[in-house]
Amino acid sequence: MEKEKKIRIPLWIYPSVEEKIQKNFEVDNCKSPSEFIEKAILFYCGYLASEEYRQYLPNVLVSTMQGSLDSFEDRMATLLFKIAVELSMMLHVTAAANEIDEDTLTRLRGLCVEEVKRLRGSVRLDDAVRFQNGE
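Numbering (numbering that gives the first Met the number 0), first residue to last: 0 to 134.
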């Protein structure tokens, strides 16, 4: 396509469409609105020409979403690791400061599992304090 000579064609578009082109052509690293329109046309032609056009757009979306999800997964894994370290530190401090027998620990674990299920993970320190104080 680079050896081809560009031609001028008449183009009739609504002012609202032209406004979108003006707002977005630089965002897409295009040098001109014409380049933006040309890229849009080539993309749309690819969409129409694909053998299974219903899967063309989803494949583009899937690859974009996969990149975003991979980044999100890495961030969540890092944050969960940091939380686990802090929780481990808190558990060790609690264990060192209190003498808790195995039976009490087993009952407490069962109570906590049920509470977390019931509250769908939305456990608050305030609720635990009220429970421990018999309120």
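Built from N, CA and C at the ideal position, the CB exists for glycine as well.
All of these numbers come straight from a predicted model, not from anything done at the bench.
Apart from the 5 residues on each side of it in sequence, Gln21 sits with its Cβ closer than 8 Å to the Cβ of Pro32 in its chain, given in chain order. Rounded to the nearest whole angstrom, the CA to CA distance from Met89 to Val61 is 40 Å. One thing to note: Lys38 has its Cβ no nearer than 8 Å to the Cβ of Cys44. When the beta-carbon positions are compared, Phe24 and Phe35 come within less than 8 Å of each other. At a Cβ-Cβ threshold of 8 Å, Val112 and Val122 do not count as neighbours.
The stretch 16-44 contains no complete beta strand (DSSP E) run of 3 or more residues. When secondary structure is reduced to three states using DSSP, Tyr13 falls in the coil class, being assigned neither helix nor strand. Under the three-state reduction of DSSP, Asp125 is assigned to helix. In the structure shown, Arg106 adopts helical secondary structure according to DSSP, grouped into three states.
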